[in-house]
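Q: In this note's numbering, the protein residues as written are 901 to 1105.
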């Protein structure tokens, strides 16, 4: 199973800001979310992480790191799972981009806003990473800790749909998605599964 996990919450996430390559740590809620995930997810055969701190810390918790430790042995860091580059929009509210540019961004996957990265570029690198993990995920559990845009890109890969479909998806902090790669084509089994900080897993509801 390919298990895609969005990192736990940061203060920027809590404030609803666009968060791309900026590198804030998990806040207290985010750490508790990571701990709750560690209690409910299966023991992974492989754990892969984005290079950003919020993802690496979440992955370290899943790998069994003690409190306060943000790195863990056995976690593979793959830069292809890094969040979209928002360029000048990073750390700013969504209202920092005018409505016309938002419409263009949602209609044209090759549009690059504010000196950042296009959705097409994100999908290309993520789909390459998914293909490389598919065989291992077909015979064991591979957990990838990443961000909103790369996880949406992986889901569009699984569904075989256009990049623009990602704009019609929503992922909460610490959300879990599951993709079965054991068959002829990948199958999306769960999307935006929420794991609460009290440890209750709603991933299949």
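Positions of the beta carbon are idealized from the N, C-alpha and C atoms, including for glycine. Since the model is a prediction, treat every value here as computed from it, not as a measurement.
(1) Taking the straight line between their C-alpha atoms, what separation do you get for residue 1021 and residue 1065?
(2) If distances are taken between C-alpha atoms only, which option among 1089, 1073, 1008 comes closest to residue 858?
(3) Let me know the secondary structure DSSP gives residue 903 once reduced to three states.
(4) For residue 1102, which of helix, strand or coil comes out of DSSP?
(5) At the level of alpha carbons, what is the spacing between residue 1102 and residue 905?
(6) Run through DSSP, which three-state label would residue 928 get?
(7) Assign residue 1093 to one of three DSSP states: helix, strand, or coil.
(8) Do residue 1058 and residue 1086 have their CB atoms nearer than 8 Å?
(9) Report the option in 920, 948, 963 whose CA atom is closest to the CA atom of residue 940.
(10) Pick out the complete alpha helix (DSSP H) segments inside the segment 928-1013, 4 residues or longer, and give them in chain order.
(11) Starting from residue 1043, follow the beta strand (DSSP E) in both directions and report where the run begins and ends.
(12) Going by CA-CA distance only, name the one from 978, 1011, 967 that's closest to residue 987.
(13) Pick helix, strand or coil for residue 1076, following the three-state DSSP scheme.
(14) Could you work out which residue in 919, 967, 950 is closest to residue 932 when comparing CA atoms only?
A: Looking at the coordinates:
(1) 15 Å
(2) Outside the shown range of the chain, which is 901 to 1105, sits residue 858, and nothing can be said about it.
(3) Reduced to three states, the DSSP call for residue 903 is strand.
(4) Any reading at residue 1102 needs caution, since the residue's pLDDT is 40, under 50, leaving its predicted position unreliable; the model's value is listed next. Reduced to three states, the DSSP call for residue 1102 is coil.
(5) Confidence at residue 1102 is low in this model, with a pLDDT of 40, below 50, so its placement is unreliable and the value that follows should be read with caution. Those two C-alpha atoms are separated by around 14 Å.
(6) helix
(7) strand
(8) yes
(9) 963
(10) Uninterrupted alpha helix (DSSP H) stretches at least 4 residues long and entirely within the segment 928-1013 occur at 928-940, 953-962, 999-1007, given in chain order.
(11) 1042-1046
(12) 1011
(13) strand
(14) 967
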